[in-house]
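Before any comments, here is the structure.
Residue numbers (this note's numbering): 1483 to 1708.
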């Protein structure tokens, strides 16, 4: 499989991230089967910490969706590909379509897919508007969404810093699953406008859960309307 070197790459991530990892809570919420993990993105450290926490809890990879730039680095690219991460090119609709197809493929195979619904790193005190990809994946697959965060990760590795700060650690927190409402399970059969409304409303629910985990505020204007 694409992640046949998973345990080796996971070992490398563990060695690199473990000094900054304070453990996890809420791992009991993670199902044994496929699911989507939606995480707040406050630091470059979030991805490694989330992958480490998930691998320790479930002994399998979390297929993180990430911008393609890190995949171009000889070592980082190998680690990401070996861990089953899914690249896409920002601003490229074809690339985003391939990313969604790949993610749905992993979910259909019983795997877990992780995504940062805000897209970019956001170390501020207010959550950004979510991108539509996560809600679309959930509605297309019918699978639950597990909110996750590593509160304080931006203090461990501030954006713009070359390296994490020694002696500081962050804990990964998983929240209760967000399950689809009955109407949301009918997504594929609904008219386009109703689909868009479902995507917006599910995005609202996802960011509400992340706000509860992080203690950060959601943006206000146009949140429910998208």
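A virtual CB, placed ideally from N, CA and C, is assigned to each residue, including glycine.
With 16 as the cutoff for other CB atoms within 10 Å, does residue i come out buried or exposed?
| i | result |
| --- | --- |
| residue 1673 | exposed |
| residue 1558 | exposed |
| residue 1497 | exposed |
| residue 1696 | buried |
| residue 1645 | exposed |
| residue 1588 | buried |
| residue 1499 | buried |
| residue 1704 | Summary for residue 1704: the model assigns pLDDT 43, below 50, so the residue's position carries little reliability, and this model does not support an answer. |
| residue 1647 | exposed |
| residue 1600 | buried |
| residue 1643 | exposed |
| residue 1720 | Look at the range of the chain in this structure, 1483 to 1708, and you will see that residue 1720 is not part of it. |
| residue 1635 | buried |
| residue 1523 | buried |
| residue 1707 | Residue placement at residue 1707 is poorly supported in this model, since its pLDDT is 37, which falls under 50; the coordinates still yield a value, given next. Classification for residue 1707: exposed. |
Would you mind stating whether residue i and residue j have Cβ atoms separated by less than 8 Å?
| i | j | result |
| --- | --- | --- |
| residue 1539 | residue 1504 | no |
| residue 1506 | residue 1653 | yes |
| residue 1548 | residue 1516 | no |
| residue 1603 | residue 1495 | no |
| residue 1609 | residue 1687 | no |
| residue 1573 | residue 1533 | no |
| residue 1502 | residue 1650 | yes |
| residue 1621 | residue 1666 | yes |
| residue 1544 | residue 1594 | yes |
| residue 1638 | residue 1527 | yes |
| residue 1478 | residue 1597 | Residue numbering for the chain in the displayed model covers 1483 to 1708; residue 1478 lies beyond these limits and cannot be assessed. |
| residue 1640 | residue 1605 | yes |
| residue 1535 | residue 1492 | no |
Can you confirm whether residue i, when its beta carbon is compared against all beta carbons of chain C, has any partner nearer than 8 Å?
| i | result |
| --- | --- |
| residue 1623 | Absent from the structure: chain C. Only one protein chain is present. |
Nearest to residue i by alpha carbon, out of the options?
| i | options | result |
| --- | --- | --- |
| residue 1521 | 1529, 1564, 1514 | 1529 |
| residue 1592 | 1578, 1576, 1623, 1678 | 1623 |
| residue 1511 | 1655, 1590, 1576, 1638 | 1655 |
| residue 1578 | 1488, 1550, 1685 | 1550 |
| residue 1685 | 1676, 1611, 1523 | 1611 |
| residue 1567 | 1575, 1488, 1671 | 1488 |
Is residue i near the ligand HEM, in the sense that its beta carbon is under 7 Å from a heavy atom of that ligand?
| i | result |
| --- | --- |
| residue 1524 | The ligand HEM is absent from the structure shown, which contains no ligands of any kind. |
| message | Would you call the region 1626-1641 in contact with the region 1655-1668, where contact means no fewer than 3 C-beta pairs closer than 8 Å? | response | Output reads yes: the region 1655-1668 touches the region 1626-1641.
| task | State whether the region 1629-1644 contacts the region 1692-1699, with contact taken as three or more CB pairs (one from each stretch) at a distance under 8 Å. | result | Counting Cβ pairs under 8 Å, three or more are found: they touch.
| message | Under 8 Å, with one C-beta from each stretch per pair, do the region 1574-1582 and the region 1608-1621 reach the 3-pair mark? | response | With a cut-off of 8 Å, the region 1608-1621 and the region 1574-1582 count as touching, because enough Cβ pairs lie within range.
| task | Jot down the residue ranges of each uninterrupted alpha helix (DSSP H) in the region 1519-1596, minimum 4 residues, whole runs only, in chain order. | result | Here the runs fully enclosed are 1528-1540, 1556-1564, 1575-1590.
| field | Whole beta strand (DSSP E) elements within the region 1639-1703, 3-residue minimum | value | Here the runs fully enclosed are 1652-1656.
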